[in-house]
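Trainee:
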Amino acid sequence: MITFSTLENISIQTVTGTFNAAFSDYFIPLQLTKEQMAIKLKSEDFAPQYSVGAFYKNNLVGIILHCYRTIDGNKCVYNGGTGVIPSQRRQHLTIAMYDFIIPKLQQNGINKVILEVIEHNIQALKSYKKTGFKQTRRLRSYQGKIKILNCSKKLDIKIIHKIDWTAIENFWSIRPSWQNDSASLQNIQENIILIGAFQHDRLIGYSVYNPTSKRLQQIAVANQFRSQGIGRALLTYIAKNYSEDIALINVDDSHNDTIEFLEKFGLQNSINLLEMELMI
Ligand SMILES: CC(C)(COP(=O)(O)OP(=O)(O)OC[C@H]1O[C@@H](n2cnc3c(N)ncnc32)[C@H](O)[C@@H]1OP(=O)(O)O)[C@@H](O)C(=O)NCCC(=O)NCCS
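Residues are numbered in the working numbering as their position in the sequence shown, beginning at 1, plus a constant of 6.
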């Protein structure tokens, strides 16, 4: 018989083992060390009291890794990973794990659950839709080698050690997904690089680059300075100083300017994610 509990008393090592077994046949290679899992959980604000474990004969065979934040006054939970080990699939365990945790979330005043799913992950999508999740946006992933393009010499591009996380939200046209949101980045400041674009000492654009994953986690240019080569200078700085290979996973499908910008640099759209939410 399968039993369920939250994950407060389960070690990161055990969670990582189950996660890796569940993701062993995933669409893209996804295997984490215990250390990488610890950084992921720290970044995303892992909440073991709101997470779920499914157990068979005392073994952890299924997980939902929930993270918790208050956003605009709403108590929200983010699903940072769902997995069922291959030998225990086809029993609708994901739905059963949600049936177990939703009353606990409601008792704690949580009214929203957010997640992202690869759009052709049929098993996951079926499980989430049956639980009641609805699509909110489509997020494109891009990857490839950055083409180095000529840049204006008038701009000063440099590493910055501190940034006003609230002020830079004024540069945004789209809100980053949970993993790339400023709260996630502030939790792992020692693992990311902040790059600023300055004109006469004024910050007019920035990017956040993660050298371990080679991911561009945020990039934005103040509205009145768009289309003047600032984004180009920021990407070129990363290509010259860190790596020409880069990936992004949260490009809003409706934001044509960003899509055109990335494609001009030679990056290719590979997989896409659906962002979904469940109101409870
Ligand atoms: C996604 C996952 C957690 C679902 O596991 P589960 O809860 O055991 O789900 P089930 O195997 O019971 O399948 C759910 C539904 O998908 C269907 N399904 C399962 N495998 C399928 C397949 N290979 N092709 C098509 N449909 C499939 C089932 O028939 C079921 O449909 P139904 O509700 O109409 O009966 C599991 O497949 C997994 O761990 N995958 C790898 C990690 C992953 O993708 N995580 C999600 C990231 S967002």
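Where is the CB? At the ideal position from N, CA and C, for every residue including glycine.
#1: For Ile154 versus Thr264, is the C-beta distance shorter than 8 Å?
#2: Determine contact between the stretch 168-179 and the stretch 60-68, defined as no fewer than three beta-carbon pairs at a distance below 8 Å.
#3: Mapping DSSP to helix, strand and coil, what is Ser183?
#4: Looking at C-beta atoms only, is the number of pairs between the stretch 139-148 and the stretch 244-264 that lie closer than 8 Å three or more?
#5: Considering only the beta carbon of each residue, do Phe177 and Val227 sit closer than 8 Å?
#6: Across the stretch 210-220 and the stretch 123-134, are there enough close Cβ pairs to call them in contact, namely three or more that are closer than 8 Å?
#7: Assuming Leu240 and Ile180 make a contact with CB atoms under 8 Å, what is their CB distance in whole Å?
#8: Checking the sheet assignment: what are the DSSP bridge partners for Ala226?
#9: Between Ile120 and ligand 1, is the CB less than 7 Å from at least one heavy atom?
#10: Helix, strand or coil for Asn64? Go by DSSP, reduced to three states.
#11: Could you compute how far the alpha carbon of Ile45 sits from the alpha carbon of Ser276?
#12: For Leu268, does the three-state DSSP call read helix, strand or coil?
#13: In chain order, what residues of the same chain have a beta carbon less than 8 Å from the beta carbon of Ile199, not counting five sequence neighbours either side?
#14: Would you check whether ligand 1 has a heavy atom nearer than 7 Å to the C-beta of Phe29?
#15: With a threshold of 6 Å on Cβ separation, who are the neighbours of Val119 within its own chain once the five nearest residues in sequence on each side are excluded?
#16: My output table needs one value for Gly89: the three-state DSSP class, helix, strand or coil.
#17: Closest to Thr137 by C-alpha separation, out of Leu99, Ile116 and Leu161, would be which residue?
#18: If Ile101 sits next to Ala60, beta carbons under 8 Å apart, how far is it from one beta carbon to the other, in whole angstroms?
#19: Using 10 angstroms around the beta-carbon of Phe25, count the other beta-carbons present and answer buried if the total reaches 16, otherwise exposed.
#20: Please determine whether the Cβ atom of Ser57 lies at a distance below 7 Å from any heavy atom of ligand 3.
#21: Quick one, which of Gly237, Lys220 and Ser190 has its alpha-carbon nearest Phe52's?
#22: Please name the residue or residues paired with Gly115 in a DSSP beta bridge.
#23: Checking contacts by CB at 8 Å: is Leu47 closer than that to chain D?
#24: Note down the Cα distance separating Pro35 from Phe29, rounded to an integer number of angstroms.
#25: Need the endpoints of the alpha helix (DSSP H) that Ile163 sits in, please.
Mentor: Taking the coordinates as given:
#1: no
#2: These segments do not touch.
#3: coil
#4: Taking a cut-off of 8 Å for Cβ pairs, the stretch 139-148 and the stretch 244-264 touch, as three or more such pairs fall below it.
#5: yes
#6: no
#7: Leu240 to Ile180, Cβ: 17 Å. No contact.
#8: Tyr212
#9: Not under cutoff, so the answer is no.
#10: coil
#11: 25 Å
#12: helix
#13: Excluding sequence neighbours, Ile199 sits near Ile165, Val214, Tyr215, Asn216, Pro217 and Tyr248.
#14: yes
#15: Val83 and Leu284
#16: strand
#17: Leu99
#18: About 11 Å separates the two Cβ atoms, so there is no contact after all.
#19: buried
#20: For the structure depicted, ligand 3 is absent and the ligand set comprises only ligand 1.
#21: Phe52 has its Cα closest to that of Ser190, out of Gly237, Lys220 and Ser190.
#22: Gly115 pairs with nothing; no bridge assigned.
#23: The question asks about chain D, but that chain is absent: this structure has only one protein chain.
#24: C-alpha separation (whole angstroms): 8 Å.
#25: Where Ile163 is concerned, there is no enclosing alpha helix (DSSP H), although the beta strand (DSSP E) it sits in stretches over Asp162 to Ile166.
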